[in-house]
Structure formats: C-alpha cells, structure tokens
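Okay, structure first, notes after.
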Amino acid sequence: MVTKIALILFTLVVYTVAWYGELWSAHPKYEYGAPVGSSVATEASIEKGSGVIYPENFYEESFVNSPEEGTVSHVSTVALLGDGRVMAAWYAGSREGARDVSIYTSVYDPVARLWAPERVVVTRVSASKELGRYVKKLGNPVLFTEPGAGHGANDRLWLVYVTVPIGGWSVSSLNYKVSVDGGESWSDSKKLITGPLFNISTLVKNAPVQLDNGALLLPVYHELMRKFPEILFMTPVETEDGFGLYVRNKRASTTGGVLQGAVLVTEEGGLRAFYRNATGADKSYVLTSTSSDNGLTWTRPENTTIPNPNSGLDVVRGEGGRALIVLNDTFNDRARLALYYSTDSGATWSMARVLEDEALGEFSYPSIVRESRGVYHVTYTYDRKRIKHITFSDEWLISQMLKEKSDG
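For the sequence shown, this note's numbering gives the first residue as -14, with consecutive numbering after it.
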C-alpha cells in the first residue's frame, strides 16, 4: 500500500514538473534590459483633453468604498488609467483568508472627485472556473498599466492576484487578468508560470517597474519554509486567446524574513528595493538593497533608519531625484502611517507628513503612484473596514518638506 501511494505521488510530481517544464521551455529567450522609470503605473499617458484640473497646491482625502458590517477590506493597489482616471483594487470578506473573500475594483473620477461604486472582479468560484482548478481562497491583488500598450483610455491594464488551493499562504500561486477597456471588462484568469518547477509559494504586494526593452520587473516573495524576495522579469505578449506574460525569475536575497519589496528606479539608472522586515528583531527597520545590473543581482539587505513593525510599504519616484515612501514608521504596531521623502534616490529619508496616527487604529498596506503632471495618489487600509485615498500635488509635497525642515 505504501509503495503504491509513493508511486502515485512520484507520478504526480513527474507529471507536474514535465507540464510546467514544457510551458517554461516554450517561453522565448529573455533579454534583460535597463530601467526607464519608477513604477509602471506612474508613467501612464494621460489623454489630452481629459478635463482634469487640479489646484496648484492641494491635498485631498476620500474613501474608496463604503463600510459594511462584518466585512474586512484590506491590501489595496492603485493604478493610473490613460484617460486621467484612477483605479483601485483590494480584497474584502468576513476576514483575511476566508472563503468569501473577493477582489473588488473602483474608479476615481478626478473631475468630479468621486469614487464609483465598487465592482467584484474575482471571486473564489470564478477563479476556480477560469483557472480550471480548485481555489480555496484569494489573496493580494496588484494593478498596473502597461506603458505603450494601447492609447489613452485603452491602455492595457493588468491585475495580478494570489490564489491558494489548500492550506495557507505558503502554497499560494499568482494569476492574472487583462483589460483593454479601462477595467470595464476583463479576460479570464490565467496562471502565471513563474518557473519550471511546482509554481507554489509566490505572493505579491507592489507594482512592477519597466525596463528599456519593455519588460516589467515585478517584486514578489516566497513564504514556504523561509520568507525571501524574488524578482520576476515579465514580458507581455499577444497569444491566440488574448494576452500573456512570459517570465524569468531571480532571487533578490538569501536573507530570511525579507519580503514584500517595492522597487525604485534611481536618478542614476540603478535600482533600489525596500522591504518589509519580518526578521523578528526586537527593533526592526525597513530593509533596503540595490542592483547595478538591472535587477539580475542584488546587494545584501541592510537596515535603513526608518522603523518597520513587520508591515507593508510602497515607494515611488518623483522629480529631480526625489522619492517618496509610505509606511508604518513604528516598531510595534500599524496605528501610525507616514509619508517620507528622499532627495538622493532613496539613500536617506526625512519625514514629510504623518497621514494617520490613532492609538487603536490600523492604517496599513499603502500603494502609491504619481502622474506625469506631478499629482500623487495613495490608497491604504483604514481600520480594516475601508480603503482610504489621499491625493496631493508636487507643490504640496514641497511645502511639507520645507515645513519639516523649518520645524526641525
């Protein structure tokens, strides 16, 4: 009996390896390029005549969704659409990892300054049907617009999201959907093949950056046995049944407890990543590493000077070597969310503004993008009940930087 079970398991392993290996070998040879921008979503082209007029110096707050009793909303992601609108996605359900969790989207109209009613994009049932395999639960989503794919409102929009077949997050995998009409409709889900073996324990938190050959560099992470970051080099391609992503992966660090990277393209053309610190240190700080060869190899992660309570963060590039990072800057909890700025491509950081600070609150998992005209959009979890959105201009940011310097 034991021999028979072992034979069955061996056969399944061989079949799985062969199947994924065939898909993997069918991918075209990958050519590694150089970075050209910050995150993909930050440089989406804005359609002329979109009618969006922002004040020169402004800061505004709003909520993306309405609170519902007994519903948890968490892990938002934000992207720019080509017509000037902004899309957010997040998951919501009775609790994190519950079977009733679905992925939602909403679109922000910057003219009316209003978010549209949320729409369900993925459920556990729809994912199971589209992928042709059982899905136990859904996890983190990431939205991004593919630069140069389409024009204006029809830029290609990608949604990458996590599914789990059995057990917990350590056996998760990535999947994607594509929209060519600004999120009005979506393709069926496809599994993202991240390597020739097994394709499990890959999760995502932040959007990719673009290389000069059109490839996308997506930071991901693993949780099976050990938590560590990886980089997926993805090339969007047209297929017989729509669009696909060809992938090559590289480990970004062998250090354990390093996850949920956010990648910044520096003013000098290099890459700098910032990580959530899950090392278990008594006082943990945001970790950072750099790459001078377009993401192929990375330095060993080192501490920054910003505290991190084992919580997610995001980073974006601004004008003239400026960079912004949004995160929880405490050692113990997620009750405080802050915005920091750098004037040296992320080497050092200074406080710009405390966004939230309530003793019993939770404000976490931020996502940030910047429009080419100098307007930023940030979304984040607000008390696990709602997704909050703040938007501000470069001029407002500069005023906060000057204020912080004068107060200091």
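Where is the CB? At the ideal position from N, CA and C, for every residue including glycine.
- Looking at the DSSP output, Met210 shares a beta bridge with no other residue.
- A Cβ-Cβ contact shorter than 7 Å links Ala73 with Val63.
- Glu115: member of the alpha helix (DSSP H) spanning 109 to 116, first to last residue.
- A straight line joining the alpha-carbon of Gly229 with that of Met219 spans about 10 Å.
- Where Tyr367 is concerned, the enclosing beta strand (DSSP E) starts and stops at 360 to 367.
- Between the alpha carbons of Glu41 and Asp342 lies a distance of about 27 Å.
- The region 106 to 123 makes no contact with the region 183 to 196; the number of CB pairs closer than 8 Å stays below 3.
- Only residues of its own chain outside the window of five on either side were considered, and among them Ser155 have a CB closer than 8 Å to the CB of Met210, listed in chain order.
- Taking Leu298 as the centre and dropping the five residues before and after it, the same chain places the C-beta of Ala247, Phe259, Arg261, Val271, Ile310, Val311, Leu312, Pro351 closer than 7 Å to its C-beta, in chain order.
- In summary, Thr290 is exposed, with fewer than 16 beta-carbon neighbours lying within 10 Å of its beta-carbon over all protein chains present.
- Proximity to Tyr93 across Leu382, His362, Trp381 peaks at His362, based on C-alpha coordinates.
- Per the coordinates, the alpha-carbon of Trp334 lies some 20 Å from the alpha-carbon of Asn317.
- Fully contained in the region 293 to 361 are the following beta strand (DSSP E) runs of length 3 or more, in chain order: 299 to 302, 308 to 312, 321 to 327, 335 to 342, 348 to 355.
- Taking C-beta atoms as the reference points, Leu177 and Leu159 count as a pair closer than 7 Å.
- Nearest to Leu345 by alpha-carbon distance, out of Ala320, Glu45, Thr364, is Ala320.
- In the three-state reduction of the DSSP assignment, Trp171 falls in the coil class, being assigned neither a helical nor a strand state.
- According to the DSSP assignment, Pro126 belongs to the beta strand (DSSP E) that extends over 122 to 130.
- If the five residues before and after Glu131 are omitted, its C-beta is found closer than 8 Å to the C-beta atoms of Val25, Asp140, Arg141, Leu142, Trp143, Leu201, Pro221, all from its own chain and listed in chain order.
- Per DSSP, Thr273 is one residue of the beta strand (DSSP E) stretching across 270 to 276.
- Non-local beta-carbon contacts of Thr108 in its own chain, meaning distances under 6 Å to residues more than five positions away in sequence, involve Ser87 in chain order.
- When DSSP reads this structure, Asp94 sits in a beta bridge with Leu99.
- Inclusion of Gly255 and Ser238 in the CB contact set at 7 Å is not warranted, their separation being larger than that value.
- Under the Cβ criterion (8 Å, minimum of three pairs), the region 372 to 383 counts as touching the region 41 to 52.
- Annotation for Gly255: no beta strand (DSSP E) segment contains it, and DSSP assigns it neither H nor E.
- Sorting Pro150, Phe129, Met336 by C-alpha distance to the C-alpha of Arg118 places Pro150 at the top.
- Of the candidates Val301, Ala332, Tyr325, the residue whose Cα lies closest to the Cα of Pro286 is Ala332.
- Counting along the chain, Asn234 sits inside the beta strand (DSSP E) bounded by residues 227 to 236.
- Secondary structure at Lys373: strand, using DSSP grouped into helix, strand and coil.
- With contacts defined by Cβ atoms closer than 7 Å, Val57 and Arg80 form a contacting pair.
- Per DSSP, Ser61 is one residue of the beta strand (DSSP E) stretching across 57 to 65.
- Taking all protein chains in view, the Cβ of Thr148 is crowded by 16 or more other Cβ atoms within 10 Å, so the residue is classified as buried.
- Distance check between Leu99 and each of Thr224, Val37, His59 places Val37 closest, using alpha-carbon atoms only.
- A straight-line Cα-Cα distance of about 19 Å links Phe213 and Pro126.
- Per DSSP, the continuous beta strand (DSSP E) segment holding Phe48 begins and ends at 44 to 48.
- Arg371 sits close to Phe48, with the two beta carbons spaced by under 7 Å.
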